[in-house]
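A.B. asks:
Number of protein chains: 2
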Amino acid sequence: MTMNQSIARLNTSDANFQTQLQQLLAFEESSDHDIHQRVIDIIANVRNNGDQAVLDYTNQFDQCSFTKPSEMELSQAQLKAAWDSLPQDKAEALEFAANRVRVYAEKQKMQSWQYTEADGTVLGQKVTPLDRAGLYVPGGKAAYPSSVLMNAIPAKVAGVRELIMVVPTPHGHTNELVLAAAYLAGVDRAFAIGGAQAVAALAFGTETIPAVEKIVGPGNIYVATAKKLVFGQVGIDMIAGPSEILIICDGKTNPDWIAMDLFSQAEHDEDAQAILLSDDADFLEEVANSIARLLPEMERAEIIKASLSGRGALIKVASLEEAAAVANTIAPEHLELSVEDPEKLCTHIRNAGAIFMGRYTAEVLGDYCAGPNHVLPTSGTARFSSPLGVYDFQKRSSLIFCSAEGANTLGKTASILARGESLTAHARSAEYRLK
Amino acid sequence: MTMNQSIARLNTSDANFQTQLQQLLAFEESSDHDIHQRVIDIIANVRNNGDQAVLDYTNQFDQCSFTKPSEMELSQAQLKAAWDSLPQDKAEALEFAANRVRVYAEKQKMQSWQYTEADGTVLGQKVTPLDRAGLYVPGGKAAYPSSVLMNAIPAKVAGVRELIMVVPTPHGHTNELVLAAAYLAGVDRAFAIGGAQAVAALAFGTETIPAVEKIVGPGNIYVATAKKLVFGQVGIDMIAGPSEILIICDGKTNPDWIAMDLFSQAEHDEDAQAILLSDDADFLEEVANSIARLLPEMERAEIIKASLSGRGALIKVASLEEAAAVANTIAPEHLELSVEDPEKLCTHIRNAGAIFMGRYTAEVLGDYCAGPNHVLPTSGTARFSSPLGVYDFQKRSSLIFCSAEGANTLGKTASILARGESLTAHARSAEYRLK
């Protein structure tokens with residue numbers, strides 16, 4: 000099999016297209032009973048024994064050698080030193096990205112509102128930031144400074160009083176890029192811990208590590224399992240699945256560009272999903288040829304190849320409108336509209352995490368510095384959820400302030416409905432306020 | 000023990016107050032391994048066998064006698080007939096409530112926005128409604144028409160194309176008030192099914208029941224377990240805990256009013272939590288006396304008594320500001336500020352589902368018809384979550400439309416950062432668009 004054949008070809012005109020599409024999209028997250036039980040035990044231990052449990056797990060799992068809990072904290076001086084020692088081009092690039100992410104995030108900030116009715120009753124909604132938020136940053140190869148910015152900046156823009164980062168430091172090695180990004184983003188405190196023990200510490204607090212209201216950020220299966228288990232005690236962001244890109248192209252973009260855009264998601268990992276839709280059958284073959292030609296040049300060729308052959312597809316559609324319908328079914332994390340009139344096509348799109356419009360808008364610009372968040376709903380969850388944003392670090396409280404007149408009017412209705420539901424204390428509570 | 004002593008008394012000046020408070024608030028939801036496994040089986044069966052599984056479970060668990068799947072649907076004509084046969088006072092009260100809920104909900108509707116940068120690059124956020132939403136309505140005594148309005152109206156205001164209600168009809172008996180409220184609220188389709196099988200049907204779809212994007216509404220332990228298990232496949236609202244009210248009073252409200260406000264939550268169920276904070280010790284005793292005097296008159300006296308003695312408290316605080324701090328720790332579902340200057344006190348409140356301001360604003364007005372939603376975060380989750388609202392039936396997609404100039408500027412930064420993260424396909428995808 001040559002590379003030319005190593006990506007699936009589908010056609011919406013095939014009778015069994017929907018079945019093929021569902022098979023292509025199917026991805027069941029592994030759920031391991033042993034891991035589940037181990038994470039339950041870790042959480043219970045941290046909850047009961049606090050610092051000592053976190054310290055023991057960290058020394059054991061991360062091969063650290065902490066002797067007392069305070070040593071787990073990374074000082075602001077350490078974060079600043081990491082920032083100060085960054086090469087200038089990297090520092091400037093991170094600053095440029097951080098500024099753009101901040102400007103965009105500011106537009107998302109929810110504001111309180113209220114209105115007064117004719118009888119003087121005031122109704123409204125009060126918006127407040129979370130008190131504290133926790134940001135999980137993975138150790139090792141998946142530790143991206145861009146992710147630190149994307150998770151931390153919205154929290155700070157929301158006005159979260161204290162933003163606490165946890166990042167494992169295997170064998171005591173810190174990731175200087177991550178610490179520098181944390182400094183730039185305004186992380187308030189940082190701890191050199193990771194895994195389920197870090198999630199448990201943030202959820203319940205220890206003598207040293209403050210409890211937070213919400214935990215965000217990506218992690219491995221232990222971290223994801225721990226986040227699910229502490230949900231309710233604290234808020235969590237989404238549980239991220241593999242990266243996805245869906246490109247709709249009218250056949251007039253350079254096929255090498257499109258091939259590289261597919262690669263840019265495929266290189267994340269073997270489970271990543273890169274799909275191209277076009278109404279131009281010849282163009283699909285041109286892209287297949289670009290893939291075959293460019294793949295050998297890529298540093299992560301093996302990962303890309305596995306991703307494209309396992310979960311990728313080139314799909315012939317009858318029209319761009321039909322492509323939009325397929326996109327709405329898939330509800331991709333990233334959607335590129337590489338077409339002549341992307342704004343028109345965009346009106347047909349309902350389900351997508353982020354929409355990249357026009358031939359110049361490579362998806363990767365959104366990964367780093369365009370401004371919108373790169374933490375996006377995956378695995379079709381864009382059907383009902385949204386990119387990470389400032390709003391995830393704010394909450395709303397309803398406000399009701401009845402005038403005497405308002406309480407009289409509302410009380411009469413409340414009394415009728417409460418008695419209809421046989422809730423007579425409800426009814427009498429309202430009736431006391433009648434004139 | 001007389002009734003006068005049957006509610007706990009705490010004082011913030013006691014050395015062990017924080018411990019006592021945490022004990023008072025502690026509530027672990029029961030998690031039953033057998034139920035968990037049974038629900039997993041039900042979901043798998045519905046997923047594999049569709050209509051037939053739903054029909055079999057419904058006949059078995061709800062003692063229905065459906066012979067074919069189409070019989071499970073409640074027609075629009077049935078809903079309309081229920082509405083048409085409502086007594087006039089109830090119909091008017093429901094209409095009054097629905098209108099107020101709708102007016103308030105309209106203010107919550109999120110709008111799309113975008114802005115254009117100097118180089119022509121456009122950034123924005125597109126807001127769209129969910130395609131379909133599912134509303135679970137319990138059968139039996141917990142089936143409240145007010146809940147139908149509170150869950151359905153925000154979905155319709157959001158623009159959800161199809162709102163599907165499920166409500167069990169044990170022995171084939173429909174709840175006419177619920178059907179009438181569904182008609183009023185604009186429910187599009189309704190099915191006489193319930194339990195985990197109804198949640199599974201809504202999450203995965205069957206031949207007869209359409210799959211939805213999000214499932215909202217309260218239910219028993221089977222329903223709550225099923226909602227948790229299908230989360231990810233669909234969105235869900237919160238998992239509701241017992242009702243809660245926290246009242247802060249300066250001692251100048253009629254103590255009978257305050258006692259009845261406490262009763263109004265306590266009558267929901269034995270696990271409900273009703274707490275009063277006051278800086279006036281004498282007033283706390285007056286309320287205790289009102290409780291003792293009024294309790295024997297109440298239809299649900301046994302439930303109220305169990306709730307107040309098991310989970311209620313009268314708490315003496317040093318000041319109203321201290322009361323606000325305690326409220327922020329508790330993060331109650333409902334918070335009454337029954338004080339002279341509630342707006343001033345409200346500035347100190349950060350964590351509460353809904354805030355009822357002033358002596359006239361009985362919490363029950365919010366349960367039925369004030370306008371704000373009565374589906375609110377419980378069990379301290381107001382620290383990080385919000386009332387149910389229109390925004391729960393909308394989602395956001397990020398928009399990025401780069402000009403050639405913009406792609407050039409952003410691409411340079413993206414390239415530096417991508418190469419810093421060793422993601423060279425990312426870098427090359429950006430570099431293709433450089434001038």
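Order-wise, the sequence lines are chains A and C. Numbering follows numbering that gives the first Met the number 0, in which position 49 of the first sequence is assigned residue number 48; successive positions increment by one, without gaps. Numbering follows numbering that gives the first Met the number 0, in which position 33 of the second sequence is assigned residue number 32; successive positions increment by one, without gaps. Note that the Cβ used here is the ideal one computed from N, Cα and C, for glycine as well. Computed from a prediction, not measured in an experiment: that's the story for all the values here.
1. Have a look at A/Ile-303 and A/Ala-273 and give me their C-alpha separation to the nearest angstrom.
2. Please compile the residues from chain C whose C-beta is within a distance smaller than 8 Å of the C-beta of A/Val-38.
3. Give the straight-line distance between the Cα atoms of A/Ala-317 and A/Ala-280, rounded to the nearest whole angstrom.
4. With a cut-off of 8 Å on the beta carbons, I'd call A/Ala-157 and A/Gln-393 a contact; round off their distance for me.
5. On a Cα-Cα basis, can you pick out the residue from A/Asp-31, A/Ala-291, A/Thr-18, A/His-425 that is closest to A/Thr-224?
6. Would you say A/Thr-360 faces chain C, with C-beta separation under 7 Å as the test?
7. Taking a Cβ distance cut-off of 8 Å, strictly less, list which residues of the stretch 244 to 259 of chain A are near chain C, in chain order.
8. Give a yes or no on contact between the stretch 322 to 330 of chain C and the stretch 221 to 236 of chain C, applying the rule of three or more CB pairs nearer than 8 Å.
9. List the residues of chain C that A/Leu-356 touches, going by C-beta distances under 9 Å, in chain order.
10. Run down chain C in chain order and give the residues with a C-beta less than 7 Å from the C-beta of A/Pro-137.
11. Which one or two residues does DSSP pair with C/Gln-334 in a beta bridge?
12. In the structure shown, what three-state DSSP assignment does C/Arg-395 receive?
13. List the endpoints of the continuous alpha helix (DSSP H) containing C/Lys-125.
14. If you draw a straight line from the alpha carbon of C/Ala-96 to that of A/Leu-398, how long is it in whole angstroms?
15. Taking the alpha-carbon of A/Phe-26 as reference, which of C/His-267, C/Glu-332, C/Ala-117, C/Gln-232 has the nearest alpha-carbon?
16. Are A/Val-45 and A/Ala-200 touching if we call contact CB-CB under 7 Å?
17. Looking only at its chain, what residues have a beta carbon closer than 8 Å to the beta carbon of A/Asp-13, apart from the 5 residues adjacent to it on each side?
18. Which of the residues in the stretch 170 to 199 of chain A, read from start to end, lie with their CB under 8 Å from any CB of chain C?
19. For C/Ala-52, which residues of its own chain have a beta-carbon under 6 Å away from its beta-carbon, when the five flanking residues on both sides are left out?
20. Got a sec: is the Cβ-Cβ distance from A/Pro-386 to anything in chain C below 7 Å?
21. Counting only the same chain and skipping the five closest in sequence on each side, list residues whose C-beta sits under 8 Å from that of C/Lys-67.
22. Should the stretch 376 to 388 of chain C be regarded as contacting the stretch 155 to 173 of chain A, the criterion being three or more beta carbon pairs within less than 8 Å?
23. Using a beta-carbon distance cut-off of less than 7 Å, what residues from the stretch 197 to 220 of chain C approach chain A?
24. Determine whether the Cβ of C/Asp-88 lies closer than 7 Å to any Cβ atom of chain A.
25. Among all the DSSP beta bridges, which residues are the ones paired with C/Leu-162?
26. Taking buried to mean at least 16 other C-beta atoms within 10 Å of its own C-beta, is A/Thr-1 buried or exposed?
27. Against chain A, does C/Pro-371 count as a neighbour if the rule is that its beta carbon must be under 7 Å from one of theirs?
28. Locate the alpha helix (DSSP H) running through A/Leu-228, then write down its first and last residues.
29. With DSSP as the reference, identify every bridge partner of C/Thr-115, one or two as the case may be.
30. Is A/Asp-50 near A/Thr-207, with beta carbons less than 7 Å apart?
31. Under a CB-based cut-off of 7 Å, is C/Glu-266 close to chain A?
32. A/Val-374 bridges to which residues according to DSSP?
33. Provide the residue(s) that pair with A/Leu-24 in DSSP beta bridges, ordered along the chain.
34. Does the beta-carbon of C/Arg-310 have 16 or more other beta-carbons within 10 angstroms, so that it is buried, or is it exposed?
35. Under a Cβ-count criterion, where at least 16 other Cβ atoms within 10 Å of its own Cβ denotes burial, should A/Gly-119 be classed as buried or exposed?
36. For A/Gly-171, does the count of other Cβ atoms within 10 angstroms reach 16, so buried, or fall short, so exposed?
C.D. replies: Once the coordinates are examined:
1. 10 Å
2. None at all; the shortest Cβ gap to chain C is about 15 Å.
3. 10 Å
4. 5 Å
5. A/Asp-31
6. yes
7. Asn-253, Asp-255, Trp-256, Met-259
8. no
9. Before going on, a small fix: residue 356 of chain A reads as Met here, not Leu. Per Cβ cutoff of 9 Å: Val-121, Leu-398, Ile-399, Phe-400, Cys-401.
10. What A/Pro-137 touches in chain C: nothing, since even the nearest Cβ is about 13 Å away.
11. This sequence places Leu at residue 334 of chain C; Gln is not what is there. BP columns for C/Leu-334 point to C/Leu-245, C/Ile-354.
12. strand
13. It is not in any alpha helix (DSSP H) - C/Lys-125 instead sits in the beta strand (DSSP E) that spans 121 to 128.
14. 17 Å
15. C/Gln-232
16. yes
17. Gln-19
18. Leu-176
19. Asn-44, Val-45
20. yes
21. Leu-54
22. no
23. Glu-212, Lys-213
24. yes
25. C/Ala-132
26. Per-residue confidence for A/Thr-1 stands at a pLDDT of 46, beneath the threshold of 50, marking its modelled position as unreliable; the derived number appears in the next sentence. Classification for A/Thr-1: exposed.
27. yes
28. 220 to 229
29. C/Val-121
30. yes
31. yes
32. Looking at the DSSP assignment, A/Val-374 forms no beta bridge with any residue, so it has no partner.
33. None, per the DSSP bridge assignment.
34. buried
35. exposed
36. exposed
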